[in-house]
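Asker:
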Amino acid sequence: MEPVSDKGLSTRILALFIFTTSVLIFQGVYNIFSLDGVNNSITKVYDSVSQVSIVSSEISLPISELRQLSMGLVLAPNDALREELKVNVNQLQKKTDLQLRDGAGVVFASAEASRLYGNILSAWKGYSLAVDVTKAYVNEGVRIAAFISVTAHEKKMYDRVTLAVGAYNAYQVKISTETFKAAQENARLAFWAVVITTVVEVLILKAILAYVINLVRKYVAERRKHAEEVKSKRQVMEESIRLKKSLRERVEADEKLRHLRNYLSNIINSMPSVLIGVDLEGNVTQWNSGAVEETGISAEEALGQPLSKPFPRLSDEMQRVRDAIDSRQKQVVPQQQYEQNGVTRLSEMTIYPLATNGVEGAVIRLDDITEKNANELVLRRAQKMEAIGQLTGGIAHDFNNILGIVIGNLELLKLSIHENEKAQERIDSALKGAERGADITRKLLQFSRHKVKESEPVDINTILEGMDELVAKSLTVSIEVNTDLTEGVWPVNIDAGDFEDSILNLSLNAKDAMPDGGCLNIETSNKVLDQSYVSCNPGSKTGEYVMVSVGDSGIGMNDETKNSVFEPFFSTKKLGRGTGLGLSMVYSFVERSGGHINIYSEVGKGTTFNIFLPRAVVETPNVTSPKNSSSEMPGGTETILVVDDEDALLDIAKDYLNYLGYTVVTASNAEQAVKILEETDSIDMVFSDIIMPGDMDGYSLAGYIHEKYPEYKILLASGFAKKGGELIAGTNDYLTKLAEGRLHKPYNQAELAIAVRRVLDDDV
Ligand SMILES: Nc1ncnc2c1ncn2[C@@H]1O[C@H](COP(=O)(O)OP(=O)(O)OP(=O)(O)O)[C@@H](O)[C@H]1O
Ligand SMILES: [Mg+2]
């Protein structure tokens, strides 16, 4: 069955109601007609019966009374009675006659009844006449025989009336019997009609009721089903809303968690330190970008691995990690030395025990403190210089005076005893010693001087040109002096005398470093020190400088010596040969001038001191060097292989070149560079440092490349002065050319850009 809607149900029930009502109306109408028929029949029967009674009461009774009266008349013994009876007979005769003629108000139902009633009337008339005869006979005193005949006639007439009445009544009885039967039949039919229609009605009603009940039941069932469906739909909906809500909450929580994780991971990754998480078994659980940078191994590769695999250097530290976990105390290893690409670096390690949510392990923090250490060294040196300067300054001043007195008195003494040669010799010897002492005190005073003397902007080149002779005198003949003074160097604000002393000190040191002769190179150029340089050279500041390089091809220095050369009284020379104050003076001068000094030195190859003196502010201050203007820097898209043993310099070169548009490949030494060249054929140019540890230096690498890949362009760089390079290059023309065109370290971006473009565009 189709589902029943509210409207459908009411329409069906209305249709059934109309149908049932129609059946009832039909039955009612039918019953009314049936009952009317019965009613008609009963009326008819009533009419017939009332006719019979009327005829009986108005005809039969008066006639029989009249008969008795007439009989009494006949039999009356006297006339008086006779007369009285006659009056009664007349009255009754008249009354009956009147009643009969009126027809007693009877309405005849049929012609037969009317006819039969007519018979009664005519019989009455005959009988009334016979009574009249009887009356007449009684008066005249008729004989008995005649009288009997008369009465017999009367009786005959009377019987005729009785017969007519009987016939009429019989007819009426017959009619009423028939009518009653018909009425009975009608009533029976009506009864059956009622019975049948009632039964039919009951059946119809029952069927309708059953139908309606069925319909209502189905309707109710459907409503219930619908309600259940609605309920279950609502439940499903509620469930889905609840699920959606919890899903949303989950997504939000996940999002927050992800955000937090990213945030924490950003914090961890933004730390300059290497941060490595390990579990109790020593497997890596956390690997930050510092660790990736340090090892070159990604977090995906490192996570889950035993620490020694991605970070072999830390394999010996597992015991310390376990100690930290067991003791729940952090373990600090203040300074550890390790070799990286042939360079000694310093690191500090701290191990923090971890116990979070039942997960035990540790976090290892590694900090590269090489730069920090260097900065501290610079700071310590400055402080030391300051302290020693103050101390020696005071003493030197007093000593100078004392020596002045000693020397003065010795000279006076010498004049007074000029005849005593022996005494003269002793005085000379004493004077020599005193003068040496005076020389030291002079140096000490120079070193300890704080204030810059009144100074004016000077041209470095002019001073150096004037020093030619002085320098030459300080050296031996086996040393060749080369000066390369760049035209147009900026003026600098320095004390010219102090500068001359410094150059002299450096020349003397160079002489001592080249006992078998060699080359001394003095160069000047304008330099712009940028942030990259400053971050690699503690103690320096960005800005415009004039660089004065003094380089030799001498014995060079090891790292230890290099780190101590500026300390007062540090000397490697034999006792009496060196005071160890020369470089302290130079340092002090440079500091006083607001400049900076650095050393390039390689044992057995030579040493170059680069002094940076700040550009003097004259008239047009802060005019940026055109060389430094990045908008004018030439760039390119070629691929350049950069080779340098200093990681920091490698990074700087890479950044500079990438910025200029070049693709950069890097190598930490010549051997690595050779390997890269064998594997790649997309290199356009090799830019290499000259002095590198290992069997191959920059020149050997350049020679190898020129032979194997003649089409490759080469640019060399070195902290050493140019002429020294020429010597190292030997007699090879190509290498000599490279040495001529090499880039002087430190170089800034503009210098690198110009040099690279020049080499790339050079046809040869
Ligand atoms: N050009 C150089 N090559 C190699 N080593 C050098 C050079 N210049 C300086 N040194 C080293 O630095 C040390 C300190 O030099 P510094 O000039 O301060 O003192 P000195 O030369 O020993 O004595 P002084 O200069 O006072 O006579 C030297 O003893 C030497 O070991
Ligand atoms: Mg010296």
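Numbers 3 to 766, taken from my numbering, label the letters of the sequence shown in order. A virtual CB, placed ideally from N, CA and C, is assigned to each residue, including glycine.
With 16 other CB atoms within 10 Å as the buried threshold, where does Ala255 fall?
Answerer: It counts as exposed.
Asker: Given the structure, does Gly580 come close to ligand 2, in the sense that its CB is under 7 Å from one of the ligand's heavy atoms?
Answerer: Yes, the Cβ of Gly580 comes within 7 Å of a heavy atom of ligand 2.
Asker: Count the C-beta pairs between the stretch 311 to 322 and the stretch 226 to 240 that are closer than 8 Å, then say yes if the count reaches three, no if not.
Answerer: With a cut-off of 8 Å, the stretch 226 to 240 and the stretch 311 to 322 do not count as touching, because too few Cβ pairs lie within range.
Asker: Any residue with its Cβ nearer than 5 Å to a heavy atom of ligand 2 should be included. What is that list in chain order?
Answerer: Answer in sequence order: Asn511 and Gly584.
Asker: Could you check what DSSP says for Asp561 in three-state terms: helix, strand or coil?
Answerer: Helix.
Asker: Taking 8 Å as the cut-off, does the stretch 643 to 662 touch the stretch 580 to 590 (at least 3 CB pairs, one atom from each stretch)?
Answerer: Contact fails: fewer than three Cβ-Cβ distances are below 8 Å.
Asker: Express the C-alpha separation of Ala398 and Pro623 in angstroms, rounding to a whole number.
Answerer: Unreliable placement is indicated for Pro623, whose pLDDT of 45 sits below 50; no coordinate value is reported for it.
Asker: Nearest by alpha-carbon distance to Arg103: which of Ser112, Val91 and Ser116 is it?
Answerer: Ranking the options by Cα distance to Arg103, first place goes to Ser116.
Asker: Suppose the cutoff is 7 Å on Cβ atoms and the five residues either side in sequence are ignored; what does the same chain contact list for Ser702 look like?
Answerer: Hits under 7 Å: Ala672.
Asker: Return the residue from the list Ile56, Glu67 and Ala752 that minimises the CA-CA distance to Ala174.
Answerer: What sits at residue 174 in the sequence shown is Gln, not Ala. The shortest C-alpha separation from Gln174 is found at Ile56.
Asker: Which residue from Ala78, Arg84, Ala138 and Tyr170 puts its Cα closest to that of Ala113?
Answerer: The candidate whose alpha carbon is nearest that of Ala113 is Tyr170.
Asker: Any heavy atom of ligand 1 closer than 7 Å to the CB of Asn507?
Answerer: Yes, the beta carbon of Asn507 sits closer than 7 Å to at least one heavy atom of ligand 1.
Asker: Could you please give me the residues that DSSP links to Ala719 through a beta bridge?
Answerer: According to DSSP, Ala719 bridges with Asp691 and Leu745.
Asker: Regarding Ala575 and ligand 1, is the C-beta to nearest heavy atom distance less than 7 Å?
Answerer: Sequence inspection shows Lys at residue 575; the Ala mentioned does not correspond to that position. Yes.
Asker: What does Thr668 pair with, by DSSP beta-bridge criteria?
Answerer: Thr668 is bridged to Val644.
Asker: Going along the chain, which residues of its own chain have a beta-carbon closer than 6 Å to the beta-carbon of Leu662, five neighbours each way excluded?
Answerer: Hits under 6 Å: Gly637 and Ala755.
Asker: Once the 5 residues before and after Ser349 are set aside, which same chain residues still bring their CB inside 7 Å of it?
Answerer: Gln338, Tyr340, Leu368, Asp369, Asp370 and Ile371.
Asker: I'd like to confirm something about Ser670: is its beta-carbon nearer than 7 Å to some heavy atom of ligand 1, or not?
Answerer: Outside the cutoff, so no.
Asker: If you reduce the DSSP assignment to three classes, tell me which class Gly128 lands in.
Answerer: Helix, per DSSP.
Asker: If you draw a straight line from the alpha carbon of Asn495 to that of Phe401, how long is it in whole angstroms?
Answerer: So the alpha carbons of these two residues sit roughly 31 Å apart.
Asker: If you follow the beta strand (DSSP E) that Glu458 is part of, which residue opens it and which one closes it?
Answerer: Per DSSP, Glu458 belongs to the beta strand (DSSP E) from Glu458 to Val460.
Asker: Under 7 Å: does the beta carbon of Asp470 sit that close to some heavy atom of ligand 1?
Answerer: Flag unset: Cβ of Asp470 not near ligand 1.
Asker: Does the Cβ of Asp514 lie closer than 7 Å to at least one heavy atom of ligand 1?
Answerer: Correct: Asp514 has its Cβ closer than 7 Å to ligand 1.
Asker: In chain order, which alpha helix (DSSP H) runs of at least 4 residues are fully inside the stretch 349 to 385?
Answerer: Listed in chain order, nothing qualifies, since the stretch 349 to 385 has no complete alpha helix (DSSP H) run of 4 or more residues.
Asker: Helix, strand or coil for Thr98, going by three-state DSSP, please let me know.
Answerer: Correct three-state label for Thr98: helix.
Asker: Decide yes or no for the touch test of the stretch 197 to 216 against the stretch 53 to 68: beta carbon pairs closer than 8 Å, at least 3 of them.
Answerer: Result no; under three Cβ-Cβ pairs closer than 8 Å.
Asker: Would you tell me roughly how many angstroms separate the C-alpha atoms of Leu68 and Asp49, rounded to the nearest one?
Answerer: Going by the C-alpha atoms only, they are around 27 Å apart.
Asker: So within the stretch 537 to 597, which uninterrupted beta strand (DSSP E) runs reach at least 3 residues, ignoring any that extend past its ends?
Answerer: Fully enclosed beta strand (DSSP E) runs of 3 or longer: 545 to 554.
Asker: Output yes or no for whether 8 Å exceeds the beta carbon distance between Val280 and Val323.
Answerer: Contact: yes.
Asker: Considering Leu277, what are the terminal residues of the beta strand (DSSP E) in which it resides?
Answerer: Run containing Leu277: Val276 to Asp281, per the beta strand (DSSP E) assignment.
Asker: Could you pull out every residue in the same chain whose Cβ sits closer than 6 Å to the Cβ of Pro748, ignoring the five residues on either side in sequence?
Answerer: Hits under 6 Å: Tyr535.
Asker: Could you check whether the Cβ of Ser480 sits closer than 7 Å to any heavy atom belonging to ligand 1?
Answerer: No - ligand 1 has no heavy atom lying nearer than 7 Å to the Cβ of Ser480.
Asker: Tell me Phe611's beta-bridge partners as DSSP assigns them.
Answerer: Partner(s): Val552 and Ile601.
Asker: Is it true that the CB of Glu569 sits closer than 8 Å to the CB of Lys386?
Answerer: The answer is yes: Cβ separation under 8 Å.
Asker: Helix, strand or coil for Asp767, going by three-state DSSP, please let me know.
Answerer: Residue 767 cannot be examined here, being either before or after the span of the chain that is shown, 3 to 766.
Asker: Which residue from Val605, Thr563 and Tyr547 puts its Cα closest to that of Gly596?
Answerer: Residue Tyr547 is the option with its Cα nearest to Gly596.
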